[in-house]
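Here the structure is laid out as structure tokens; the discussion comes afterwards.
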Amino acid sequence: MPSGEYDPDAVEPRWQRRWVDEETYAYSDDDPVDPNTVFSIDTPPPTVSGSLHMGHLYGFTLQDFVARFERMNGGETFFPFGYDDNGIASERLTEDELDIRHQDFERREFQAKCREVCADYEEQFTENVQSLGVSVDWNHTYQTIEPRVQRVSQLSFLDLYEQGREYREKAPAIWCPECETAISQVETEDDEQGSHFNDIAFPVVGGDADDDLPAEFVISTTRPELLPACVAVFVHPDDEENQALVGESAEVPLFGHEVPIIADERVDMETGSGIVMCCTFGDQNDIEWYQVHDLDLRVAIDESGHMTGVAEAYEGLHADEAGEAIVEDLDEAGALLDRRDITHTVNVHERCGTSVEFLVTEQWYIEMLDKTDEYLAVGREMDWSPEKMFTRYEHWVEGLQWDWLISRQRSSGIPFPVWYCDDCGEVVVADKADLPVDPLSDDPPVDACPECGHDAFEPEDDVLDTWATSSLTPLINAGWDWDDEAGEFTMERPELYQFDLRPQGHDIISFWLFHTLVKCYEHTGEVPFEETMINGHVLDENREKMSKSVGNVVEPEAVLEEFPVDATRYWAAGTAVGDDFPFKEKDLRAGEKLIRKLWNASKLVESLAPEPFPAEPEGGLRELDRWLLAELDAEVERLTDLLDDRAFSKARDELRSFFWNTFCDDYLEIAKQREDDAAAYTLRTAHRRFLKLFAPLLAHVTEELWHDMYADAADKAALADGASDSIHLADWPEPLGVEADRDAGTAATAVVGALRKYKSENQLPLTAALDAVEVYADVRGFEDDITGVMHVDDLAVHPDGDAPVETVITGIDLDYATVGPKYGDQVGDIEAGLAQEDYELADDELHVAGVTLVDEEFAVEEERQYRGEGELLQADDVVVIVRNDA
RNA sequence: GGGUUGGUAGUCUAGUCCGGUUAUGACACCUCCUUGACAUGGAGGAGGCCGGCAGUUCAAAUCUGCCCCAACCCA
């Protein structure tokens, strides 16, 4: 039985432990699960780092709303958890934690260290997530580096290879010189950086001798260190001033090699001098020019960002140092004409912020550019919450310029199951049955090259892009595997696929969602998700992005120190899904108040309707009881629809105001007067339904009350609806189908409201007695309720009688929805006629401005005047007269 | 530079897709009320003309165009 004040500090951790210990949310593999009713969620595996941030709290909570609602409302729910410990993030974490460098270790050795470090962090992380009370099934977790997942990832590689969707090619690729690996388009981002524009004089070959040719021209560049890599100079075909240069050659200053001057439309005439140099490679334009004009390849910068032999005297310098040195030397040689500060956007690696280079290297790709139309169609098949997020997907797919580069030159990660013939270079892949393999330590499945018969092989030592693995989470969760005997792919839990929901942040639509669609579509031929729910970012109280450098980061730990978890859940439900939204302490306070209200109201229900639980009385319920249950029926339907639509904010506010205003302020206040079985039955019935409706939102307090009042009660079989373990395993309420005159109930509460207002305006206590009240409305059946709660000595109800009031017509309201379209621009005249009171009313018809309006097209606005004894109160359409001598 | 989203009372926000004339709710604010749980409560009040300009329309927060501001995505 609930008593005293609610103590979330004690209650919440207790339930969190029990939910985990008792495996409350475990997905039952044992019984056959109906694929039509199972609800499966492909949850985002967070990158392992010890602590939570508000984005975690928000994201997990939103997922949990869906999981808890669907679990109650539908069948079995699959809510797994993954740890993304495969890749650069966990390499970095390990290097920092142990103060080591991955280059100093053998791959296996370093990977072992990664796993040790990650294991500690994962344990901590698990505790943190469990302290949020999310209903994860802790029996179904995975790590993206574990052997089972490595097998899935390598199977995926082999399947796509066999389908001809993968190829290996030596070509310019985006390269991070800091991480020393190739990366894909999605891993780059723009960064505004300060730089210099250097105006450099290029001599024209033969320009001194020919009067028609200038001796030199100017090129403005931000990257002087690329001068040694210069292979051509470009002029726009519309650039008349410099047209004479086209077809000639230029001499690259300091380095002296001659390069052709070519016309091309891709030149931006507005930037710098309008003449641009092409280097292999400075940006993507250079790559296009290199390919289209079949230019030389001069590689000046190596894998680690240092100058190569092509840079002659500058060899071995870091590119930045070389740039400075070259500028100095140009200045000395008189070739530097100007140098000015600018800010421009550069392409950087999103993980380390280093400017990317473009290097010609041999890499593995997944072909995508040929199928973008299909990937768009597949994306369109899903339900998007909110819909607008689909446009982001659309733009990303339409803007794709590269196939997916999946090889990374890193130590840690999942290896390619690939060897190459030492002699002819033939690709040899592993047998599916042998996976996972590491070619560095495992032997290829053949003794001799199937192509040339050579017997020595070179292992592939690159590892797979982490997204190549995390894009397989639906297949990992469904237990995708290869059955060697049957020669086909299988699923351990086929009923889960396709997944019902993919929740994730909008920032990784182009990473995770897109790549998952591509991979799963290629493997299974169908879209992996029915629905995707895209959440926004958490901002600070001032709607600013949280950032460590600004110092406005709110830590979940600090919030949970001060507020109950249920209050953070209330806050998290407070915005439309998909919008970025601010951290709001006000909402946490409001959440706390709601929790307290629910607790206190439950105490009152307990005392008004103590055990034993009364059955529905034979004499039936009173009007008021049926009215409440009927209103609650309507509320159940509204709320179910809102939660189906993931409209958490509306659901939260809707339920809160119905519970607070209708149940607590109206029904409970009246029910306090009563001690009959009908009231007790109604209170208990409504209360149990409220707890269930609140359960997805306020997971802890509802569980505590459920156990206090129902699940652990003496008569629990009858009370707990078969859910004595947890309210979260109870069935979602269905409408009871209670018949009630809801108009009468509404009128009765309007009367009570009017009397309250009367007392408030007259500064009377709500318990003050009223001598006499007359009601002109059909509120029969509610008389005792009204007199009881409002302390009316003498109540007279006139259900059909005309009120003793005079009505004065104060104006005419038009029904514009009908009148507007019907009369068009005559509406102005009609309004003018009404304003001048130049109209006639007769037989329910209105004659004005030469037209006749019929009954439905207008409403007469009246003011009631009462000249009798007492005071007239207005309460919607109900006339209430109060006489009070006091 | 292109695109997406948003700009509604002191603050946050509903409504905008499907135009209809007293614009929703919460928090803060003011007044009153100790009533069988809750004063961390209850009743009531004041506060906005919907970023700006122009247009379409009988009618615009809601449609169209332009502009300004912010965030994000992509160049």
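Using this note's numbering, read the first sequence as starting at 495 and increasing by one per residue.
Glycine included, each C-beta is placed from N, C-alpha and C at the ideal position.
DSSP three-state assignment for residue i, whether helix, strand or coil
i       : result
TRP513  : helix
ASN1029 : strand
ASP936  : coil
ASN1046 : coil
MET801  : strand
SER534  : strand
ARG1150 : helix
ASP1060 : helix
HIS1292 : coil
ILE1089 : helix
LEU791  : coil
ILE756  : strand
LEU1223 : helix
LEU863  : helix
TYR1381 : In the structure as shown, the chain starts at 495 and stops at 1380, and residue 1381 therefore has no counterpart that could be examined.
ALA1353 : strand
GLY1362 : coil
LEU1230 : coil
CYS846  : coil
VAL931  : coil
Nonlocal neighbours in the same chain, by C-beta distance under 7 Å from residue i, ignoring five residues either side
i       : result
SER964  : PRO539, ASP578, THR638 and TRP1006
PRO1106 : ASP1209
ASP949  : ASP941 and ALA942
VAL1291 : VAL1269, VAL1273, ARG1274 and GLU1277
ASP928  : PRO939
LYS1042 : none
ALA1067 : PHE559, PHE1142, SER1143, ARG1146 and LEU1191
Limits of the beta strand (DSSP E) - the one that residue i falls within
i       : result
LEU1347 : 1345 to 1347
TYR1252 : Note, TYR1252: premise wrong, no beta strand (DSSP E); alpha helix (DSSP H) at 1236 to 1255.
PHE696  : 682 to 697
VAL643  : Here VAL643 belongs to no beta strand (DSSP E); instead the alpha helix (DSSP H) covers 641 to 656.
PRO953  : 951 to 953
PRO997  : 993 to 999
ASP1265 : 1264 to 1270
Sequence-distant residues of its chain with Cβ nearer than 8 Å to residue i (five each side left out)
i       : result
ASP1338 : VAL1348 and ASP1349
GLU1356 : THR1301, VAL1302, ILE1303 and THR1304
VAL922  : VAL912, TRP913, TYR914, CYS915, PRO938, PRO939, VAL940, CYS943, PRO944 and PHE951
THR802  : VAL793, ALA794, ILE795, ASP796 and GLU809
SER1004 : VAL680, ARG886, TYR887 and TRP890
Given residue i as reference, the closest of the options once Cα atoms are compared
i       : options                              : result
ALA980  : LYS926, MET1203, GLU1049 and THR1179 : LYS926
SER647  : GLU499, PRO909 and LEU546            : PRO909
ALA738  : PHE728, LEU654 and ARG996            : PHE728
GLU517  : SER1220, VAL1342 and ALA1224         : SER1220
ASP777  : TYR1310, LEU831, GLY810 and VAL854   : VAL854
GLY919  : GLY907, SER901 and GLU954            : GLU954
PRO502  : THR531, GLU856 and ALA1193           : ALA1193
ARG760  : GLU752, PHE749, CYS772 and ILE713    : CYS772
ARG562  : LEU1258, ASP1225 and LEU1230         : ASP1225
VAL842  : HIS1222, GLU851, TYR1252 and ARG834  : GLU851
ALA1442 : PHE1023, LYS1186, PHE599 and GLY1295 : Because the chain here runs from 495 to 1380, residue 1442 falls outside it and cannot be looked at.
Cβ-based neighbour list, residue i, same chain, cut-off 6 Å, excluding 5 preceding and 5 following
i      : result
ASP977 : THR984
GLU735 : none
ASP702 : ALA709
Range covered by the alpha helix (DSSP H) that runs through residue i
i       : result
TYR914  : First-last for TYR914: 912 to 915, but that is the beta strand (DSSP E), not the alpha helix (DSSP H).
GLU822  : 813 to 826
GLU892  : 883 to 892
GLU1197 : 1193 to 1200
VAL623  : 601 to 624
The stretch 1194 to 1204 in contact with the stretch 1089 to 1099 per 3-pair CB rule at 8 Å: At 8 Å Cβ cutoff, the stretches touch.
Stretch pair the stretch 712 to 732 + the stretch 810 to 826: three plus CB contacts closer than 8 Å: Three or more beta-carbon pairs separated by less than 8 Å link the stretch 712 to 732 to the stretch 810 to 826, which places the two stretches in contact.
Stretch pair the stretch 866 to 883 + the stretch 608 to 620: three plus CB contacts closer than 8 Å: Taking a cut-off of 8 Å for Cβ pairs, the stretch 866 to 883 and the stretch 608 to 620 do not touch, as fewer than three such pairs fall below it.
Given 8 Å, three or more beta-carbon pairs between the stretch 1129 to 1147 and the stretch 1234 to 1251: No, they do not touch.
Stretch-stretch touch, CB-based, cutoff 8 Å, three pairs: the stretch 858 to 865 with the stretch 652 to 660: Flag = yes, the stretch 858 to 865 and the stretch 652 to 660 touch.
Validate contact between the stretch 1051 to 1063 and the stretch 1023 to 1036 using beta carbons, cut 8 Å, 3 pairs: Fewer than three Cβ pairs drawn from the stretch 1051 to 1063 and the stretch 1023 to 1036 lie within less than 8 Å of each other, which leaves the two stretches out of contact.
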